[in-house]
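First residue of the sequence shown: 1, per the UniProt record's numbering; consecutive thereafter.
We put the beta carbon where it would ideally sit given N, CA and C, even for glycine.
The next block holds one structure in the form of structure tokens; read it before the comments.
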Amino acid sequence: MLYPRAALLNHLEHKKMSGHLKKEYETVREVELSYSVQGKGSVVLLIHGWPQTQDAWRHVIPILTDHHTVITVDLPGIGNSGPSKEGYSKKELARYIHDLIVKLGYSKIAVIGHDIGGQVAYAYAKHYSSEVEAAVIIDVPIPGLTGWEQERGRWPRWHFAFHQQKDLPEILVKNNVAQYLNYFFQGLSYNKQVLNDAEVRPFIEAYSNETTLHAGFELYRAFEQDAEDNKNLLPKLKMPVLAIGGEHSRMKDAVYEQLEEAAERLIRDVAPHCGHFIPEENPDWLAKRILAFIP
1 MLYPRAALLN HLEHKKMSGH LKKEYETVRE VELSYSVQGK GSVVLLIHGW PQTQDAWRHV
61 IPILTDHHTV ITVDLPGIGN SGPSKEGYSK KELARYIHDL IVKLGYSKIA VIGHDIGGQV
121 AYAYAKHYSS EVEAAVIIDV PIPGLTGWEQ ERGRWPRWHF AFHQQKDLPE ILVKNNVAQY
181 LNYFFQGLSY NKQVLNDAEV RPFIEAYSNE TTLHAGFELY RAFEQDAEDN KNLLPKLKMP
241 VLAIGGEHSR MKDAVYEQLE EAAERLIRDV APHCGHFIPE ENPDWLAKRI LAFIP
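And the structure:
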């Protein structure tokens, strides 16, 4: 179990590492968040999932920046962002990111999230709906929406339960981070050669840090709170919502089927030649689909 001082020291040590994006830092409610801003035009916010950082979007960003101001952020506790002081519910993480967006001087945005980042994107769209012009949620089930209990229990989602155990995942994984994360990168991808050693190295390095490893598991431990936060479907999301699944992902149908009851203007699409890791497996298609949805 990490205690606050240890978490802070680990965060400061890890901050020395550099990623593929030019990182900036802003303090939000006493937590230093690492983020990147590139491009020009209307604002698109990209939120990463597990086990990744904001670098997950590095192949998508260059295609978007001629048309949009693109913001990425490391979730609290992940990568170069300091650990959350308010827990890891998706509602709380959305609040951190919203406060960052406001502090940077932006208001209206489109929010896009992959994997657990999609759960955060849903929370952002739900709680700051007047400021969200469009939302894209990619290849992830949403806690609390209809079908959640069935989705979380389906193979290969055994890790949902494992990651929620107190301390045990940290103990078992900390000395085997590369092997453990590669199990998911290879097992959930279709274009396995794309998720090669060089591609996943930034994520292996990030999660080899104990603060990030712990925060990553906390994302799963918050699922019960997330389900409670999301159980009230009304009012429905009124902005356009695009639900994307990977053609070869076992989660490709989940997000659309769940959002049918939670969004008034829902569109579905399937990313071709992809498993779960769509931003890496087919970044050109994803970026162009985003541009078509958010011109």
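**Asked** Buried or exposed: TYR25, going by 16 or more other Cβ atoms within 10 Å of its Cβ?
**Response** TYR25 is exposed by the Cβ-count criterion.
**Message:** Less than 6 Å between C-beta atoms, sequence neighbours within five positions excluded: which residues of the same chain meet that for HIS48?
**Reply:** Cβ within range, chain order: GLN54, ALA56 and GLY117.
**Message:** Let me confirm a value: SER130 is counted as buried when at least 16 other C-beta atoms fall within 10 Å, else exposed. Which label applies?
**Reply:** Using a 10 angstroms sphere on the CB of SER130, the tally of other CB atoms stays under 16, which defines it as exposed.
**Buried or exposed by the 16-neighbour rule on C-beta atoms within 10 Å, applied to LYS103** = Answer is exposed; the Cβ neighbour count stays below 16.
**Prompt:** Are there 16 or more other CB atoms within 10 angstroms of the CB of ASP197, so buried, or fewer, so exposed?
**Reply:** Counting Cβ neighbours within 10 Å, ASP197 comes out exposed, since fewer than 16 surround it.
**Request:** Could you work out which residue in GLY77, ASN80, LEU45 and ARG250 is closest to PRO141 when comparing CA atoms only?
**Result:** Ranking GLY77, ASN80, LEU45 and ARG250 by Cα distance to PRO141 puts ARG250 first.
**Message:** Does ILE283 pass the burial test, meaning 16 or more other C-beta atoms within 10 Å, or should it be called exposed?
**Reply:** Here the sequence assigns Pro to residue 283, which means Ile is not the residue at that position. Under a 10 Å Cβ-count criterion, PRO283 is classified as buried, with 16 or more other Cβ atoms of the shown protein chains found around its own Cβ.
**Request:** Note down the Cα distance separating LYS231 from GLN258, rounded to an integer number of angstroms.
**Result:** Distance between the alpha carbons of LYS231 and GLN258: 12 Å.
**Prompt:** What three-state label does DSSP hand SER53 in the structure shown?
**Reply:** Looking at the sequence shown, residue 53 is not Ser but Thr. DSSP places THR53 in coil when its eight states are reduced to three.
**Prompt:** Which residues in the same chain have their Cβ closer than 6 Å to the Cβ of LYS91, if we skip the five residues on either side of it in sequence?
**Reply:** Closer than 6 Å at Cβ, skipping near neighbours: ALA123 and ASP229.
**Item:** Three-state secondary structure (DSSP) of GLU281
**Value:** The three-state secondary structure of GLU281, taken from DSSP, is helix.
**Prompt:** In the region 104-158, which residue ranges form an unbroken beta strand (DSSP E) of at least 3 residues, counting only runs that do not cross its ends?
**Reply:** Qualifying beta strand (DSSP E) stretches, in chain order: 109-114 and 132-138.
**Message:** Spatial neighbours of LEU46 within its chain, please: C-beta separation below 6 Å, excluding the five flanking residues on both sides.
**Reply:** Only TRP57, THR72 and ILE112 meet the Cβ criterion.
**Prompt:** If you run the structure through DSSP and keep just helix, strand and coil, what is PRO202?
**Reply:** Helix at PRO202.
**Request:** Spatial neighbours of PHE162 within its chain, please: CB distance less than 7 Å, with the 5 preceding and 5 following residues excluded, ordered by chain position.
**Result:** Excluding sequence positions up to five before and after PHE162, its CB lies within less than 7 Å of the CB of PRO169, all in the same chain and listed in chain order.
**residue 306 in three-state terms, based on DSSP** = The structure shown has nothing for residue 306, since the chain only spans 1 to 295.
**Asked** Helix, strand or coil: how does DSSP classify VAL270 here?
**Response** The answer is strand: DSSP assigns VAL270 an E or B state.
**Prompt:** Got a sec, what are the start and stop residues for the beta strand (DSSP E) GLN38 sits in?
**Reply:** Looking at the DSSP string, the run of the beta strand (DSSP E) that includes GLN38 is 31-39.
**Request:** Tell whether a beta-carbon distance below 8 Å holds between GLN165 and PHE223.
**Result:** Taking the C-beta atoms as reference points, PHE223 is found no nearer than 8 Å to GLN165.
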